[in-house]
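First the structure, in the form of structure tokens, and then the observations on it.
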Amino acid sequence: MSLRKLIVNKTMAALAVLFTVFYSGTAFAQDAAATATTKPVDMGKVHQSALFYVLLFLLLCLFIAIVGKALRVYELTRETQGKPEGINWNTVNAVIFALFLVVGLYGVYWEYSVHGTMISHMHESASEHGHRIDEMFKLTLIITTIVFVLTHIILFAFAYVYRASNNRKAYYYPHNNTIEKIWTIVPALVLTLLVLKGFLTWRSIFYKVEDPKNRPISIEVTSSQFVWDIRYPGPDAVVGKKNYKLITAINGLGVDFNDKNSLDDLIADEIVLPVNKPVRFILTSKDVIHSFYLPHFRVQLNTVPGMTSYFEFTPTITTDEMRAKLNDPKFNYLLLCAKICGANHYNMQKNVRVVSEQEYKEWLTKQTPYLTNDLRKEFKLPIPVEAAPAATEAPADSTATAATAVNTNNQLALKK
Numbered sequence: 333m334s335l336r337k338l339i340v341n342k343t344m345a346a347l348a349v350l351f352t353v354f355y356s357g358t359a360f361a362q363d364a365a366a367t368a369t370t371k372p373v374d375m376g377k378v379h380q381s382a383l384f385y386v387l388l389f390l391l392l393c394l395f396i397a398i399v400g401k402a403l404r405v406y407e408l409t410r411e412t413q414g415k416p417e418g419i420n421w422n423t424v425n426a427v428i429f430a431l432f433l434v435v436g437l438y439g440v441y442w443e444y445s446v447h448g449t450m451i452s453h454m455h456e457s458a459s460e461h462g463h464r465i466d467e468m469f470k471l472t473l474i475i476t477t478i479v480f481v482l483t484h485i486i487l488f489a490f491a492y493v494y495r496a497s498n499n500r501k502a503y504y505y506p507h508n509n510t511i512e513k514i515w516t517i518v519p520a521l522v523l524t525l526l527v528l529k530g531f532l533t534w535r536s537i538f539y540k541v542e543d544p545k546n547r548p549i550s551i552e553v554t555s556s557q558f559v560w561d562i563r564y565p566g567p568d569a570v571v572g573k574k575n576y577k578l579i580t581a582i583n584g585l586g587v588d589f590n591d592k593n594s595l596d597d598l599i600a601d602e603i604v605l606p607v608n609k610p611v612r613f614i615l616t617s618k619d620v621i622h623s624f625y626l627p628h629f630r631v632q633l634n635t636v637p638g639m640t641s642y643f644e645f646t647p648t649i650t651t652d653e654m655r656a657k658l659n660d661p662k663f664n665y666l667l668l669c670a671k672i673c674g675a676n677h678y679n680m681q682k683n684v685r686v687v688s689e690q691e692y693k694e695w696l697t698k699q700t701p702y703l704t705n706d707l708r709k710e711f712k713l714p715i716p717v718e719a720a721p722a723a724t725e726a727p728a729d730s731t732a733t734a735a736t737a738v739n740t741n742n743q744l745a746l747k748k
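If you use the numbering used here, the sequence shown closes out at 748, no skipped numbers anywhere.
If you want it as structure tokens, here you go:
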């Protein structure tokens, strides 16, 4: 028997199939027995892994491909038999469009009903300008939502109603001046309204007329990976200059002590603001672009290396008042970085407290001066001598007085 005949022989093929099935069944039984004797494997929450969804997506693609091939075979069979087209794909596509519209509108409803609480329950703005930003945000959201819903209803309705059909011919409609004027002028007016409102809000925040009787408190914030350095002015109420060329191991901010305004500056571990008092932040960066973000005050501005930015606002709600409003005794205002600046970007935070003006003054007296004795030595500045404690008790008699006088004379003699 030739090799070819041996391969195509039905008996040999049947024996090969039986042998394969028997061998596979035996191997499967051995694996099952071995598995039963071992400790069961904890699969954990498989649905939480990315691989699970990748496999699910591949299975879905495979299912769609199989259905598509089956339908293609069905169409080819009808075509070879001389029968008319079995499935009207234009109608199928139109129905899919209609279903997509219904599902999409429900998705919009679900999104607003679930995540919309983030807007309706958004924390009250704790700054004067924040209310204007909230109004602008809500107005923009309302207008864009209405336009989004209406345009998509029209889009998918046209795709369904005017689907291709052998029973009618499309009407050639190349141009209409009236329609073009409407869809050009109306969006232009709406966008002009939004842009003007944003521009006027922006000007009201960044271009303020300074009140000589209520000057803002200057606070310098320097960003670096992944910390915020806070510098307050001293009694002169002016934050001193700094230069990146002066940065050293002990002068991390590069403060220039040739500027007398720098000599009394203070360093702080948190930001403390007096309520209803304007504050002006001086923002710089040492390394990469960061973003100075105070969400509760509706403040956000990039800090850029080599450039100084400014943001002025007035806090209106103290930390204690906000805790009472939210019924959350652990609530704190936060300074965050809103720019992805590296691996520890998420941890770049600073506590912010808004207190009464009296509490602010008391807190300020407890802060540490930036200028240390080591910096004085480096910049060749005089190191102040601590004053000796004053005598608290008067001498009891003339003998004690005389002894004190002798000691004083001896000290003067030793100094000479």
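We put the beta carbon where it would ideally sit given N, CA and C, even for glycine.
In the structure shown, V440 adopts helical secondary structure according to DSSP, grouped into three states. In this structure, the beta-carbon distance from F429 to Y492 falls below 9 Å. Considering only E552, T704 and R464, the residue with the shortest C-alpha distance to Y642 is E552. When DSSP states are grouped into helix, strand and coil, N422 belongs to the helix group. The beta carbons of V687 and M654 sit no closer together than 9 Å. Of the residues assessed, P606 falls on the buried side of the cut-off, its CB having 16 or more other CB atoms within 10 angstroms.
Note that the C-beta distance between L598 and D588 is not below 9 Å. In this structure, K573 is the residue among V604, K573, I582 and T580 with its C-alpha nearest to the C-alpha of N590. Y702 counts as buried, since at least 16 other C-beta atoms from the protein chains shown sit within 10 angstroms of its C-beta.
Restricting attention to K540, I621, V440 and P627, the CA atom closest to the CA of M639 is found in I621.
Closest by C-alpha distance to F531, out of R563, K470 and I465, is I465. Assigned with DSSP and collapsed to three states, I398 falls in helix.
Considering only F389, T516, I614 and T483, the residue with the shortest C-alpha distance to Y564 is I614. Residues of the same chain with a CB within less than 7 Å of the CB of Y576, apart from the 5 flanking positions on each side, are G586 in chain order. Distance between W534 and K540, taken at the CA atoms: about 11 Å. In this structure, DSSP gives E644 an extended state, which the three-state scheme calls strand.
Distances from the alpha-carbon of V604 to those of V684, D652 and P627 put V684 closest.
In this structure, DSSP gives I621 a state outside helix and strand, which the three-state scheme calls coil. Note that the C-beta distance between F538 and E691 is not below 9 Å. Across the set V571, F558, I562 and Q557, the C-alpha of V571 shows the shortest separation from the C-alpha of S550. Of the candidates V427, L707 and P548, P548 places its Cα closest to the Cα of P610.
Each residue's CA atom was taken as its position, placing L388 and L626 some 41 Å apart.
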